[in-house]
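One structure below.
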Amino acid sequence: MPYKIAIIGASGYTGAELLRIIATHLELEVAALAANSKAGQTMAQVFPHLRHLDLPTLVTWEEIDFSQIDLCFCALPHKTSQEVISRLPGHLKIVDLSADFRLHDPGAYKRWYGNDHAAPEMQKEAVYGLTEFYRAEIAAARLVAGTGCNAATGQFMLRPLIAGGVIGLDDIILDLKCGVSGAGRSLKENLLHAELSEGTHGYAVGGTHRHLGEFDQEFSALAGRDVKIQFTPHLLPINRGILATGYVSGEAQAVHAALAAAYADEPFIEVLPMGETPSTHHVRGSNFCHIGVAGDRIPGRAIVVAALDNLTKGSSGQAVQNANLMLGIAETTGLMFAPCYP
């Protein structure tokens, strides 16, 4: 029998992406869908591209009978997510796609998100959901905190290099471009077509982006000392995709070798041949991440480039990967679909 799944926040982009993935997942069955602002509507009304699926009508999350649910995906905004999750029953396995349980330190959460955490005990319980590096912990967890899409991309590039000691830790620069779906589905003036198309711009410039909290936490724990990178994200006028370029001090061949060794047995991480770099086109709509390495004209410097789909590997695909582990399903189940090209 398939496991019964609920999705809270099903009317957002990550909710729709979860449904697209689960539609062909033979071991998961969508039993309940919640979106309080659109309760009473069908998914065909909210997302016409899903009208071919036989899905439950949207309800408020309070109306769901969770005694019949094995695992719940929570795809709500930060702050709202912690308030809802703290009221869910204790037997329920939960994969949270928001930022609310990513940071272990309540003080760090308040610094980056501007409010006290409403469920600090659950914050301690949550396992960070970067699947390739926390498999055992995720498999045993009740609550898994999905990573930020930018944070996942940067960590796939840099974690093996920090752990392997092949790069300097004090001069890491990460320049990242992300498609507009990374900002969510809510209406925002700066995301209107006339405001966004035919241009691109940096945002949260100067070290104010919230995903820096994840980089600080994870890289510092890995290195055993404070590691703070320079990070600037840019908004691209495309729907999906992240392309990140990292500038590091280290020999390019050693950098490539460390990445190739770290991901040799990983089904979703592809390290390209030395000198090749990826494109967002090559991972669109998939759960794959491509990483390339090139040498720089300056001796002792290397350039690392990574591409992934922010809605899939950066969010909902990662969430299903984690759910598979939590439910004892083969990790790749439902996720080996090819990218959509062109």
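Following UniProt numbering, the numbering of the sequence shown begins with 1 at its first residue and continues without gaps.
Using N, Cα and C, we set each Cβ at its ideal position, and we do this for glycine too.
Quantities reported herein were computed from a predicted structural model and do not represent experimental measurements.
Local conformation of residue i per DSSP, three classes
i	result
ARG159	helix
CYS340	coil
GLU62	helix
ILE269	strand
VAL255	helix
VAL166	coil
LYS313	helix
ARG185	coil
THR131	helix
SER98	coil
VAL304	strand
LEU243	strand
LEU71	strand
ILE298	coil
HIS282	helix
HIS290	strand
VAL248	strand
residue 349	Only positions 1 to 342 of the chain appear in the structure, and residue 349 is not among them; the question remains open.
GLY202	strand
Integer Cβ distance of residue i from residue j, believed to fall under 8 Å
i	j	result
GLY40	THR14	Not a contact, Cβ separation roughly 21 Å.
ASP309	GLY285	6 Å
LEU243	ILE291	Not quite, the Cβ-Cβ distance comes to about 11 Å (not below 8 Å), so this is no contact.
ILE174	ILE229	What sits at residue 174 in the sequence shown is Leu, not Ile. Sure, about 6 Å apart at Cβ, within 8 Å.
ILE69	VAL320	So it is not a contact: roughly 16 Å between Cβ atoms.
ALA10	ALA75	7 Å
GLY317	ASN287	4 Å
GLY53	ALA99	It is worth fixing the name first, because residue 53 is Leu in this sequence and not Gly. Wrong, their Cβ atoms sit about 29 Å apart, outside the cutoff.
ALA223	ILE162	5 Å
ALA330	GLY295	Between GLY295 and ALA330 the Cβ distance is about 38 Å, and since that is not below 8 Å, they are no contact.
GLU125	ARG142	7 Å
VAL144	VAL95	5 Å
ASN115	LYS93	Rounded, the Cβ-Cβ distance is 26 Å, inconsistent with contact.
Burial state of residue i, where buried means 16 or more other Cβ atoms lie within 10 Å
i	result
VAL59	buried
ARG297	exposed
ALA32	buried
PRO48	exposed
ALA261	exposed
VAL205	exposed
HIS201	exposed
PRO278	buried
HIS193	exposed
ARG210	buried
PRO160	buried
GLU132	buried
LEU55	buried
THR153	buried
GLU218	buried
TYR203	exposed
ASP216	buried
GLN45	exposed
Limits of the unbroken beta strand (DSSP E) element including residue i
i	result
TYR3	3 to 8
HIS234	230 to 236
GLU29	28 to 34
ALA145	143 to 145
LYS177	173 to 179
Pair within 9 Å by beta-carbon distance, residue i and residue j
i	j	result
GLY146	THR280	no
LEU18	PRO2	no
GLN82	ALA34	no
GLY246	VAL304	yes
ARG102	TYR134	no
PHE66	ALA306	no
HIS234	LYS177	yes
ILE5	ILE64	no
GLY250	ILE167	yes
MET336	ILE138	no
GLY199	PHE231	no
VAL248	VAL271	no
PRO342	VAL283	no
Endpoints, alpha helix (DSSP H) assigned at residue i
i	result
TYR113	106 to 113
ALA223	212 to 223
THR14	13 to 22
HIS193	193 to 196
SER81	80 to 85
GLU331	Note, GLU331: premise wrong, no alpha helix (DSSP H); not H, not E.
GLU125	120 to 125
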